[in-house]
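> Read in order, the letters of the sequence shown correspond to residues 1 to 233 in our numbering. My questions all concern the structure below.
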Amino acid sequence: MDRNAQYIPALSGGIISRFLENTPHFRIYSEKSNPYYALKEFDENPMVLVSAGTNFTKDTFRYQLGMGDETKVFIDSGGYQLKMNSVDKTKYTDAIALSWSEKNGDVFPILDRPTGSHFYDDKEALELSLVSAKYYSDNRKHNGEQILNVLQGESKGAMEDWYSKISEYKFDGWALGGISNRNADAELGMEAKFASGLLVFFQNKEFEKDACKRLHLFGVGSIKYMIYFQYIQ
């Protein structure tokens, strides 16, 4: 597993929609000699993140963005939108999420159901995530994409239970969720939750496995947590 960290710029659904309303194409990245993003790290390994949960109705999404082969697209599964009930679960399914992600992305997690929702409990979150993991495992096309399994949980014990069940399904790495407090009295703070997830992975030697190509952290953007993660790394 490559130990280098990578920050992936995220494009919000609102920004994308505004661009696409005014122009049929725009480039996030053109050529190394003239990038729209001047960040050195982005220059060397260009990747952007978009959400399937807010863009899955756009059939030619990657084409409309004008993404070249030099730019990799990380597709956020849309699980957060299901958690917040901002997307219709009868219209946004595992089949739709996988198909759209394979068509438009290079790296993407399964359509997990994050814990801590007001619209389903944590037991159902795991049950639905297991259904998603099986669907992605059985139906992926293996065209060079990286698919990530997902670990969620509100405590280390919950994460261990989640891992014991979902690790049956083998993918190309992991995404770690649960890095947000359900309320002010949550059992673990955000830093401790992340550390707990890492401990589960280390105890099960996930990072020593050749198949584990990537660890992605959901919903992380603040400088505070960047410093914390860099220290752990």
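Quick reminder that beta carbons are idealized off the backbone N, C-alpha and C, glycines included.
1) Return the residue from the list V220, L126, G53, L176 that minimises the CA-CA distance to E206.
2) Can you tell which of D69, W100, V50, I96 has the C-alpha that lies nearest to the C-alpha of T60?
3) May I ask you to report which of helix, strand or coil DSSP gives I232?
4) In chain order, which beta strand (DSSP E) runs of at least 3 residues are fully inside the segment 192 to 230?
5) How many angstroms separate the CA atom of Y135 from the CA atom of A158?
6) Please state whether DSSP places I166 in a helix, a strand or coil.
7) Quickly, what does DSSP pair A175 with across the bridge? List them, please.
8) Around the Cβ of L82, are there at least 16 other Cβ atoms within 10 angstroms (buried) or fewer (exposed)?
9) Could you check whether F74 and G53 sit closer than 8 Å to each other, using their CB atoms as the reference points?
10) Over the uninterrupted alpha helix (DSSP H) stretch that includes K103, give me the two end residues.
11) For a test of the three-state rule: what should DSSP assign to A52, helix, strand or coil?
12) Between the segment 119 to 136 and the segment 188 to 197, do at least 3 Cβ pairs fall closer than 8 Å?
13) From D235 to K156, what does the alpha carbon distance come to, in whole angstroms?
14) Just to confirm the assignment, what range does the alpha helix (DSSP H) spanning F61 have?
On the basis of the coordinates in this document:
1) L176
2) W100
3) helix
4) 214 to 217
5) 23 Å
6) helix
7) V150, H216
8) buried
9) no
10) 94 to 104
11) helix
12) no
13) With the chain covering 1 to 233 only, the question about residue 235 has no answer from this structure.
14) 61 to 65
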